[in-house]
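Residue 347 in full-length UniProt numbering sits at position 347 of the sequence shown, with consecutive numbering throughout.
Idealized CB from N, CA, C, for every residue including glycine.
As structure tokens, the structure follows; a few thoughts come after it.
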Amino acid sequence: MKIAIVEDDINMRKSLEFFFSDQKDLDVVTFRNPKDALSSLDSSFDLVITDLNMPQMNGLEFLKQLNGKYEMIVITGNATLNSAIDSIRLGVKDFFQKPFEPELLLEAIYRTKKIQEFQKTHTKTTSKHATHNDKKIPFVGTSKALESIKAQVLKVAKTDSSVLLMGASGVGKEVFARFIHENSNRAKKPFVAINMAAIPEHLLESELFGYEKGAFTDAIAPKPGLFEVASGGTLFLDEIGEMPIMLQAKLLRAIQEKEVTRLGGSKPISFDVRFVSATNANLQDKIAKKEFREDLFYRLQTIPVFISPLKDRQEEILPIANHQLETIIAQYNLPSKRFSKDSEDMLVNYEWYGNVRELLSVVERAAILSDGEEIMPSDLFLESRTSKAKQKIQTLEKELLQEVLQDCDNNLQKASEILGMTQEVLSDKITKYNLKL
1 MKIAIVEDDI NMRKSLEFFF SDQKDLDVVT FRNPKDALSS LDSSFDLVIT DLNMPQMNGL
61 EFLKQLNGKY EMIVITGNAT LNSAIDSIRL GVKDFFQKPF EPELLLEAIY RTKKIQEFQK
121 THTKTTSKHA THNDKKIPFV GTSKALESIK AQVLKVAKTD SSVLLMGASG VGKEVFARFI
181 HENSNRAKKP FVAINMAAIP EHLLESELFG YEKGAFTDAI APKPGLFEVA SGGTLFLDEI
241 GEMPIMLQAK LLRAIQEKEV TRLGGSKPIS FDVRFVSATN ANLQDKIAKK EFREDLFYRL
301 QTIPVFISPL KDRQEEILPI ANHQLETIIA QYNLPSKRFS KDSEDMLVNY EWYGNVRELL
361 SVVERAAILS DGEEIMPSDL FLESRTSKAK QKIQTLEKEL LQEVLQDCDN NLQKASEILG
421 MTQEVLSDKI TKYNLKL
């Protein structure tokens, strides 16, 4: 297993190198910053372990640029709940706050190694179970929040209005985009998706607009862009907030004129598509920072739809988890397994910062790594994902409350005003932390 460790602290870097030197089945390569790593990472690497707080480029930006190509583990000395949540949403499986026991990191590495080796040696079979993204069965389970969103999108599906799907990473925005397409008058025509964050800027324009032969060095034959490919159907612009500002003007022009010109070409080509876009970013903030065009925003969000996070759709969690478990068992021909009652309780009560995507990943890992007929809480590896960051936040909050209450001579009204919270909330926190007045 080939591992990249990205760490700016030379002492930590050398310590990890020394610790892993005894592991003969691990090929460890260290980098002092993300830019050095990005210039060297290739398909031979299996896992990236990275710090978050580094100069030049922080770890979260580095994780975004990796774009899910590698399994990822985070180690950091300045963990916050937000950084843990952001890491999970980017696909990080394990999160360690310094100082940590290197043996625990090694356990996480070997869990990843076991899963990768299992996937390489076990050929997936075509499952009789549909996947969660299946067009015919796009939703598994139901909830009041889900039914409300479905009712909203069904109303607009029959129209050609542009739809902007908003929500955190992993909530199922592409599932909803396909649901809109499948229930529209364009259902028999193409559904074409493009992720703005997944394609390098220099390739994005040619993907969208196409090119003629000779437009650039590698253009040995003409190629239609996605506007042409999707004509008659739906073009799904995922992560629209990550689209480079220079290309936004060209996209706006194409939407307004309903025609594009290929790179290296001069003849406008008409197209007929329905636009569905998605973002996990606050586009209003991006507009204020001049990172997103306001006129394009209003073109794309004729119908805005907010998709609730999974933690607000608890009724769906177990149906999705059980469906995914059945799918993985069938795909890898595993022995039959089920979740224990304690595991079910843990799944339902977990925050799921990475939403459905995180849930599917956790269930797949548990299905592969667990022994016996029941998947136990320890097989889910959920407790460590954000617990240390939460503990740190709670410790700081408790210390702040104690300090403010002491300064205010335990006057709750005065303390609540200083803390910017109601007396009721302050009282709840005093009870939670068992503070003595």
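Am I right that Val171 and Asn410 are in contact with their C-beta atoms under 8 Å? What's the rounded C-beta distance?
Their Cβ separation, rounded to whole angstroms, is 43 Å, which puts Val171 and Asn410 out of contact at 8 Å.
In terms of residue numbering, what span does the alpha helix (DSSP H) encompassing Glu364 cover?
Asn355 to Leu369
Considering just the uninterrupted stretch of the beta strand (DSSP E) at residue 523, what are its terminal residues?
One cannot answer for residue 523 here, as it falls past the ends of the chain, which runs 1 to 437.
Using only CA atoms, which one of Pro55, Ser231 and Arg262 lies nearest to Phe216?
Arg262
Whole angstroms are fine: how far does the CA of Glu383 sit from the CA of Ala84?
13 Å
Assigned secondary structure, Thr30 (DSSP; H/G/I helix, E/B strand, else coil)
strand
May I have the straight-line CA-CA distance separating Leu26 from Gly264, to the nearest angstrom?
48 Å
Distance check for Glu424 and Glu403, CA to CA, integer angstroms please.
19 Å
Near Ser427, what residues of its chain come up, given a Cβ to Cβ distance below 8 Å and the 5 sequence neighbours on each side ignored?
Leu412
Per DSSP, which residues does Gly210 bridge with? Please list them.
Pro224
Given a threshold of 16 other Cβ atoms within 10 Å of its Cβ, counted over all protein chains shown, does Glu259 qualify as buried or as exposed?
exposed
So Glu71 is in the beta strand (DSSP E); what residue range does that whole segment cover?
Glu71 to Thr76
Give the DSSP bridge partners of Lys2, in chain order.
Asp27
Where Gly233 and Val192 are concerned, what is the direct C-alpha to C-alpha distance, given to the nearest angstrom?
8 Å
Under 8 Å between C-beta atoms of residue 520 and Pro55:
This structure leaves residue 520 out entirely; the chain is present only between 1 and 437.
Near Lys136, what residues of its chain come up, given a Cβ to Cβ distance below 6 Å and the 5 sequence neighbours on each side ignored?
Any reading at Lys136 is ruled out, since the residue's pLDDT is 41, under 50, leaving its predicted position unreliable.
Under the three-state reduction of DSSP, which class applies to Asn67: helix, strand or coil?
coil
For Glu373 and Phe292, what's the separation of their Cα atoms in angstroms?
51 Å
Give a yes or no on whether the C-beta atoms belonging to Ile109 and Leu47 are separated by under 8 Å.
yes
Looking at the C-beta of Glu364, does it have a partner C-beta in chain B at a distance below 8 Å?
Considering every chain present, this structure includes no chain B. It has just one protein chain.
Classify Tyr298: buried if its beta carbon has 16 or more other beta carbons within 10 angstroms, exposed otherwise.
exposed
Which residues does DSSP pair with Asp238 in a beta bridge?
Asn195
Helix, strand or coil for Asp428 per DSSP?
helix
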